[in-house]
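Report on one structure; see the data block that follows.
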Amino acid sequence: MIFNSFKKTDRLKHVDLEFDNACKMITSIYNDDGDYIEMGRVLPKMKALQDETYLAGVQVLSAMINMVVQWNESTVLKEEDLGIKTLDYFLHAAFCRIKNTESSWNTYTLKPSPSSPNYQTFLPYSTLYNSKLSSIRNYEFTVVEIKAKGSNTDESDMVRIGKELKICIDKLATAGVTDPVAVGIIVRESRIQFFKMLLDGPGAYAMVELGNMNLPRSPSDTPLLPSLIERFCQVL
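Using this note's numbering, the letters of the sequence shown map in sequence onto residues 202 to 437.
Below is the structure:
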């Protein structure tokens, strides 16, 4: 079930103004036919303070600047490009700082716990999991579904990702994790949705949509980065 009464601003931390300004400046440089070297000079320096939102933002911006020379306005953003060119930067910067985290793209089978009466398995586009809690099985905490334009399924995207998150929650709870939480991300074309599921009581799976926004489709979209970074860090 989905509880819209959850505060969507919980754990939401805004990015540093310096990072926000850097994104706008890089867009201005790009639109004025500036060069890659000039963009690199605008990049904010890593601050001594361990601000996770800021540090994740700098990592993403760095990766995207390095990609600008191959990324033109005429580039068609195909389904696989969303993951390889854009989404992977955010996932790596925001999630892979978590200890013992591994990820898999397009090759991972999400399976329920052996003790579960549910035998349905899934093949998410991307899965992040902890492989150190047990030598027998992985414990997933984030699933990503990327939908191509015009793709059709027998069930809605929300229903599917809800089932996947339930598997994650059940496995974490079985492993003895207190207050298990799982994150779901759905991308359709350039639109991205963030979901979070937690166990609100015995058999009570609470899922809320935290945000719905656009992914950058070209270098001139760097002003979108601050809001995206805030959401990726919020769901940690």
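C-beta: ideal position from N, C-alpha, C; glycine also.
All values derive from a computational prediction rather than experimental measurement.
Check whether the Cβ atoms of residue i and residue j sit closer than 9 Å, and answer yes or no.
i	j	result
Tyr326	Thr343	no
Leu400	Pro427	no
Val259	Glu431	no
Thr328	Ser304	yes
Val345	Ile299	no
Ala376	Ser316	no
Phe296	Leu429	no
Restricting to Cα atoms, I'd like to know which of the options is closest to residue i.
i	options	result
Asp371	Gly385, Glu341 and Asp358	Glu341
Arg392	Met265, Ala223, Asn222 and Lys348	Lys348
Lys214	Met398, Glu253, Lys333 and Ile337	Glu253
Ala374	Gln394, Ile387 and Ser314	Ser314
Ile230	Ser421, Leu425 and Leu429	Ser421
Asn319	Asp289, Trp306 and Lys367	Lys367
Met408	Met398, Ile337 and Gly385	Met398
Ala223	Asn232, Asp233 and Leu262	Leu262
Thr302	Leu218, Cys369, Ser332 and Asp221	Ser332
Assuming residue i contacts residue j (C-beta within less than 8 Å), just tell me the rounded distance between them.
i	j	result
Phe433	Glu410	Going by Cβ atoms, the distance from Phe433 to Glu410 rounds to 15 Å, so no, they are not a contact pair.
Met226	Val243	5 Å
Gln321	Lys364	7 Å
Leu425	Asn415	6 Å
Using 10 angstroms around the beta-carbon of residue i, count the other beta-carbons present and answer buried if the total reaches 16, otherwise exposed.
i	result
Thr423	buried
Phe204	With a pLDDT of only 40 at Phe204, under the threshold of 50, the placement of this residue in the model should not be trusted, and no figure is reported.
Leu311	buried
Ala257	buried
Pro417	buried
Ala383	buried
Ala405	exposed
Can you check the segment 400-424 for any beta strand (DSSP E) of at least 3 residues that lies completely inside it and give the ranges in chain order?
Correct list: 405-415.
Please give the ranges of any alpha helix (DSSP H) in the segment 330-386, keeping only runs that are unbroken, at least 4 residues long and fully inside the region.
The qualifying runs are 358-375.
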